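Reviewing the structure listed below.
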DNA sequence: ATGATTTGTTGTGAGATACAACATAAAGCA
DNA sequence: TGCTTTATGTTGTATCTCACAACAAATCAT
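Protein chains in written order, with this note's numbering: chain F, 53 to 440; chain B, 53 to 440.
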């Protein structure tokens, strides 16, 4: 919105955005509930909803049989035909999905590749999936944009992938490539940051305005912050790189990597190693850890938990969040004894800051990144349903 | 503002707030410049300014002789008679000032005490200063609120001082006490966080939307964050406690305190000790450091700088700020070789994140905390000039 | 069936800003 | 000095959006 706040048009757009945002986040809502949530007048909400309906963004459904006194209120739902393309390129596959503004995922493909997907290839895969869907099942859908979750540093201003170590992408203008191949407006974000957004809006962090999200992946530790209810990008969009931090390590014996950073010490590879696995997905690792009763495993889990606790404390002292959400192998690690981790954080962090703090594991499953990617694809539309 | 956004009244209030905010932050501005800055219509700005004038918040002055073609535009300035009381209780004195919404400080008293000031005493000192000023020089002033900068943890919701170690205040309802003694609405904040706000609005961080401020005081290291242009409080308001963090210490020899936190390692006391001073103000310490040429001094400065650099890196990785501002003895420490500190941060932080980063020393002098305290006292008025 | 309750619908009113036309004050220039 | 140019204040009108009130509709309770 080109700073239309303060004008009439601005008010109207904000109100449309508010209504659309509520049904997007909370799902179908009666008009009566919307009036309550927005604080606007009944008649105003009616006209806003009518406008959104005319633009094909929401649909009005028959009232729910609520068994309550009074005239039933029609239910306003996001129009499931409004879709975004969510993309997650990884070393061994590119996952592409169609995600509805209603949260549904009517189409999803994981395209395995036997080589690292190149930027051009990724853009082409997205375009061909889009074409296929447009020609078949999703014929009557309306695709409003593309969102990419990239495992690397993404410059917010232009969607340039500065460096994605595992994809071996370096200064790749992926946003421009995908915009060209699809003709759709495209947004790009760091995968862990998008995970944070997804957990904040639809997962373990629903309704929490100040949270920290840390994700443990095969390649390292990333994350994202939500402050004042908004995702934090920082000046260029690189915020959230917890894995590169250097937390204090109280016991010298706990250090494995000289001059190492958090993700050198707290790592999935070390956990796999100690349980004697070469590789494996998250449940496999969790099962192996649960089954193992060797002291070596307990030691390694303890060591990593101690270091993780210190890293979390640093974040808690600085940000005073009300919630920390852990995903990936950090969830596996933490879930073994969530109470102990909370206690360790409470012991080291400022007492006051840890009072209101809870630590949870991520709630969304494998679709987390796709949901986050779709969210940034929807962002413009949600912020200003009239566009421009 | 009780969520009046989205209504007409809301628009009007927002626009009043916008105009008042601009003249508050940037000083006197011509009406023509205000129209450009707000994007509103000339006639609209005229009526907004008239309303603010009627409410005694701004004054219109004769146009500046600008030597430019065209009809001269009257200059809108904040009314210097609109004042806040800013208070900073310390172990040896309570500083109280009247701070104008124009940024002026027409009155300032440092009341030395030979004992720790108690909460009640502080509240009484504020009330009596207020009475004196109201009876004399500032007879025609309008006091809109009190802001306190407290060296301790302050709960944002109710202005309760949870713990101020040096004042020995514990769970002190200082906001209520001062509101009672003065009859004025009162706001309370942590001193370093208020320093961050002041530097952001009027000091080294002017115009910077993502910054980190660290202050080195006699008692430890505190700070504050600005994210998306807004100060970060966190869930309870305790954010910014960098001093309690545990940064990694690469060289074991650099560690002085087992299990120590940042402010145990990087401390003013250690600097004073190494130059052989018992105590001393900031210039004294800076001079002593500059004059010393013993290797012990250089070693200690180097050691503290190394640890500080790691702590800053942790913040940079997570927040990707465009600016770090250092105050207090951290400024003294950094100023000895700002380039080296920047290099050390660049060497350890993610390369991309340190690209757009600059490190500066604080620009505001001894009035920093008073300006920050006044700012939170003015906050309600600035957010909604009509009140309620 | 009747009343109570809640909410949609409709028409009117109010408030704030945008816009256009005109007025005004300064600088530039002949 | 006086005219032109330029930029801005001033005034009155138009427009837009939301609030409000009155009425209608749909459900539950008796």
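The C-beta atom is built at its ideal place from N, Cα and C for all residues, glycine as well. For clarity, every value in this text was computed on a predicted model and none was experimentally measured.
Run through chain F and tell me which residues come within less than 8 Å of residue 311 of chain B, C-beta to C-beta. 302
Simplified DSSP state of residue 366 of chain F, which is helix, strand or coil: helix
Where the region 337-362 of chain F meets chain B: residues whose CB sits under 7 Å from a CB there: 362
Residue 53 of chain B to residue 97 of chain F span [Cα, whole Å]: Low local confidence applies: a pLDDT of 35 at residue 53 of chain B is under 50, so the model's placement there is unreliable, and no value is given.
Which whole-angstrom value is the C-beta distance of residue 252 of chain F and residue 273 of chain F, which I expect to be below 8 Å? With a Cβ gap of about 18 Å, residue 252 of chain F and residue 273 of chain F do not count as contacting.
Report yes or no: is there a C-beta of chain B within less than 9 Å of the C-beta of residue 366 of chain F? Taking Cβ atoms only, chain B reaches closer than 9 Å to residue 366 of chain F, which makes this a yes.
Check the Cβ-Cβ distances between residue 267 of chain B and every residue of chain F, and say whether any is below 9 Å. False, the Cβ-Cβ gap to chain F never drops below 9 Å.
Judging by CA-CA distance, which residue of F:112, F:130, F:370, F:213 is the nearest neighbour of residue 229 of chain F? F:213
C-beta neighbour in chain F for residue 373 of chain B, strict 9 Å: yes
Quick one: is residue 268 of chain F buried, meaning 16 or more other Cβ sit within 10 Å of its Cβ, or exposed? buried
Where residue 115 of chain B and residue 102 of chain B are concerned, what is the direct C-alpha to C-alpha distance, given to the nearest angstrom? 16 Å
Would the beta-carbon of residue 181 of chain F fall within 9 Å of that of residue 425 of chain F? For residue 181 of chain F and residue 425 of chain F, no; Cβs fall outside 9 Å.
Can you tell me whether residue 144 of chain F sits near the ligand PLP, meaning its C-beta is under 8 Å from at least one heavy atom of the ligand? Ligands in the displayed structure: none, and consequently the ligand PLP is not present.
Under a Cβ-count criterion, where at least 16 other Cβ atoms within 10 Å of its own Cβ denotes burial, should residue 174 of chain B be classed as buried or exposed? buried
Within this structure, are the beta carbons of residue 299 of chain B and residue 299 of chain F separated by less than 9 Å? yes
Reduced DSSP secondary structure (H/G/I, E/B, other) of residue 59 of chain F: coil
Taking its Cβ as the centre, do 16 or more other Cβ atoms sit within 10 Å of residue 315 of chain B, making it buried, or is it exposed? With 16 or more other Cβ atoms within 10 Å, it is buried.
Element boundaries [beta strand (DSSP E), containing residue 274 of chain B]: 273-279
Counting only beta-carbon separations shorter than 9 Å, does residue 405 of chain B have a partner in chain F? Yes, residue 405 of chain B counts as interfacial toward chain F.
C-beta contact flag for residue 306 of chain B and residue 358 of chain B at 9 Å: yes
Please list, in chain order, the residues of the region 268-297 of chain F that have any C-beta partner in chain B closer than 9 Å. Against chain B - using a Cβ distance shorter than 9 Å - the residues of the region 268-297 of chain F are 275, 277, 279, 280, 282, 284, 285, 286, 287, 288, 289, 290, 291, 292, 293, 294, 295, 296, 297.
Where residue 150 of chain F sits in the DSSP three-state scheme: strand
Residue 147 of chain F: buried (16+ other C-beta within 10 angstroms of its C-beta) or exposed? buried
Beta-carbon of residue 63 of chain F versus every beta-carbon of chain B: anything under 9 Å? yes
Where does residue 76 of chain B land, buried or exposed, given buried means 16+ other C-beta within 10 angstroms? buried
Pull up the CB-CB distance for residue 150 of chain F and residue 190 of chain F, whole angstroms please, since I reckon it's below 8 Å. So it is a contact: roughly 6 Å between Cβ atoms.
At the level of alpha carbons, what is the spacing between residue 323 of chain B and residue 400 of chain B? 24 Å
Measuring CB to CB, does residue 368 of chain B end up less than 9 Å from residue 397 of chain B? yes
If the cut is a Cβ gap below 7 Å, which residues of chain F does residue 247 of chain B touch? Near residue 247 of chain B there are no residues of chain F at all, since even the closest Cβ is about 15 Å away, more than 7 Å.
Nearest neighbour of residue 167 of chain F, chosen from F:218, F:184, F:310 [CA to CA]: F:218
Does residue 172 of chain B come out as helix, strand or coil in the three-state DSSP assignment? helix
Closer than 9 Å to chain B by CB, residue 110 of chain F: no
Within the chosen definition, does the region 406-415 of chain F reach the region 381-397 of chain F through at least 3 CB pairs nearer than 8 Å? A contact exists between the region 406-415 of chain F and the region 381-397 of chain F.
Buried or exposed, going by whether 16 or more other CB atoms sit within 10 Å of the CB of residue 119 of chain B? exposed
Contacting positions in the region 202-220 of chain F - beta carbon closer than 9 Å to chain B: Interface annotation for the region 202-220 of chain F against chain B: 205, 207, 214, 215, criterion Cβ-Cβ distance under 9 Å.
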